[in-house]
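The structure appears right after this line, and notes come after that.
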Amino acid sequence: MTNLEKLEEEADQEGIPIDTIRFESERIKGLYCDGNIALSADLQTSADRSAVLAEELGHHYTSSGIILDMNDTGNRKQELQARVWAYNRMIGLQGLIAAHRHGCRNRYEAAEYLDVTEELLEEAVNYYRGKYGIMYQVDNFVIYFEPCFGVFESISPA
Amino acid sequence: MNDLELQLKELILRRYGSLKNFCEIIEMPWTTLDSILKRGISKANISNVLKISHELGIDTESLASGKIVPAAGPDTLAAHFDGDGFTPEEMEEIKKYADYVRSRREE
């Protein structure tokens, strides 16, 4: 099952209809309104569609109120919460490790392996960098965010 | 049962077929809804009133003051878009979808 199929199944289980709309404006990619999601018909790939759907589902779980005005600090915070929900749902630290273990050597390969857009992957890594700092250890893996991104497996002494 | 609660019950039955169906959707015990309808909205817990009004798409404040009025707009509305702000035309497109959602709920 692809990421998109999993998200669509989750929306269905939550009773959230997903409408595909041909918006006049190409800038509108998706909308969330009171338990309903609209996705732009212009979203061409499965990865594009799942990235937007994940964020709109993030709004379902984390947002409240009319959060269209991004000059409002509270709205920006809610927007970030929805995005973080999408990062964790679509990628997560375990996803970064899984991509490394799969042998992905660059952002393009990792995005393809994780079935996400390169843009979403980059945003997620930037978010994790801001949250965890230079590096973060998960089990026997160390994820470095600075000076550049990389995943290393620690070797236990014999 | 007072007039307001009777109207509310009729609205629920019309849209959801039974109080039980409605309770399942809003995840509220049937006995709680039954008690609210019998004792009155004004005596109900605010979180329960919000659950009812949110699902029915009616204005919570009006309900608390004894009237059933469609909610003025959506409770939660968010957009994924490229850029920093919307043009009036884009806001109109967003509003159009919110209106569509509301009309679908009222069907």
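Protein sequences, first through last, are from chains H and Z.
Throughout, my numbering is defined as the position within the first sequence, counted from one, plus 25.
Throughout, my numbering is defined as the position within the second sequence, counted from one, plus 3.
Idealized CB from N, CA, C, for every residue including glycine.
{"Check": "List, in chain order, every chain H residue whose beta-carbon is nearer than 8 Å to that of E30 of chain Z.", "Outcome": "Those do not exist, as E30 of chain Z stays about 11 Å from chain H at its closest Cβ, beyond 8 Å."}
{"Check": "Starting from the beta carbon of P77 of chain Z, find every residue of chain H whose beta carbon is closer than 8 Å, and list them in chain order.", "Outcome": "C58, D59 and I91"}
{"Check": "Starting from Q103 of chain H, trace the alpha helix (DSSP H) in both directions and tell me its first and last residue.", "Outcome": "T98 to M115"}
{"Check": "For H85 of chain H versus E34 of chain H, is the C-beta spacing smaller than 8 Å?", "Outcome": "no"}
{"Check": "Give the straight-line distance between the Cα atoms of L105 of chain H and I49 of chain Z, rounded to the nearest whole angstrom.", "Outcome": "28 Å"}
{"Check": "Give a yes or no on whether 8 Å exceeds the smallest Cβ distance from H125 of chain H to chain Z.", "Outcome": "no"}
{"Check": "Here's a check: name, in chain order, each residue in its chain whose Cβ is nearer than 6 Å to the Cβ of N61 of chain H, leaving out the five neighbours to either side.", "Outcome": "P42"}
{"Check": "For M95 of chain H, decide whether its Cβ has a neighbour in chain Z, counting only Cβ atoms nearer than 8 Å.", "Outcome": "yes"}
{"Check": "Given that S50 of chain H touches chain Z, what residues does it touch there, using C-beta distances under 9 Å?", "Outcome": "F84, F89, T90, E92, E93 and E96"}
{"Check": "Are there three or more Cβ pairs, one per stretch, closer than 8 Å when the region 34-54 of chain Z is compared with the region 9-26 of chain Z?", "Outcome": "yes"}
{"Check": "Nearest CA to the CA of M4 of chain Z: which residue from Z:L40, Z:F25, Z:C26 and Z:Y103?", "Outcome": "Z:L40"}
{"Check": "For I168 of chain H versus L93 of chain H, is the C-beta spacing smaller than 8 Å?", "Outcome": "no"}
{"Check": "So what does DSSP say about H83 of chain Z, is it helix, strand or coil?", "Outcome": "strand"}
{"Check": "If we ignore side chains and look at the alpha-carbon of each, how far apart do W110 of chain H and T70 of chain H end up?", "Outcome": "21 Å"}
{"Check": "Could you name the residues of the same chain whose beta carbon sits closer than 7 Å to that of A25 of chain H, not counting the 5 residues immediately before and after it, in chain order?", "Outcome": "The question about residue 25 of chain H has no answer, for chain H in this structure spans 26 to 183."}
{"Check": "Strictly below 8 Å CB to CB, what residues from chain H border Y19 of chain Z?", "Outcome": "The contacting residues do not exist; Y19 of chain Z stays about 13 Å from chain H at best."}
{"Check": "Leaving out five residues on either side along the sequence, give the residues of the same chain with a beta carbon under 8 Å from the beta carbon of K23 of chain Z.", "Outcome": "W33"}
{"Check": "Report yes or no: do the region 75-90 of chain H and the region 73-85 of chain Z share at least 3 C-beta pairs separated by less than 8 Å?", "Outcome": "yes"}
{"Check": "What residues in its chain sit with their C-beta under 6 Å from that of T35 of chain Z, if we drop five residues either side in the sequence?", "Outcome": "none"}
{"Check": "Please list, in chain order, all residues of the same chain as L68 of chain H whose beta carbon is under 7 Å from its beta carbon, the five residues on each side excluded.", "Outcome": "K54, R74 and V77"}
{"Check": "In the DSSP assignment, find the unbroken alpha helix (DSSP H) run with V72 of chain Z in it and report its ends.", "Outcome": "Here V72 of chain Z belongs to no alpha helix (DSSP H), and DSSP marks it neither H nor E."}
{"Check": "Over the uninterrupted alpha helix (DSSP H) stretch that includes Q162 of chain H, give me the two end residues.", "Outcome": "Per DSSP, Q162 of chain H belongs to no alpha helix (DSSP H); it is in the beta strand (DSSP E), M160 to V163."}
{"Check": "Excluding five sequence neighbours on each side, which residues of the same chain lie with their C-beta closer than 8 Å to the C-beta of I116 of chain H?", "Outcome": "L139, V141, L145, L146 and A149"}
{"Check": "Below 8 Å on the Cβ atoms is my contact criterion, and I expect H57 of chain Z with D78 of chain Z to pass it. Report the Cβ-Cβ distance as a whole number of Å.", "Outcome": "6 Å"}
{"Check": "Contact criterion: CB-CB distance below 8 Å. Does A63 of chain H meet it with respect to chain Z?", "Outcome": "yes"}
{"Check": "Can you name the start and end residues of the beta strand (DSSP E) that I168 of chain H belongs to?", "Outcome": "F166 to Y169"}
{"Check": "Just mark D59 of chain H as buried or exposed, buried being the case when its beta carbon has 16 or more other beta carbons within 10 Å.", "Outcome": "buried"}
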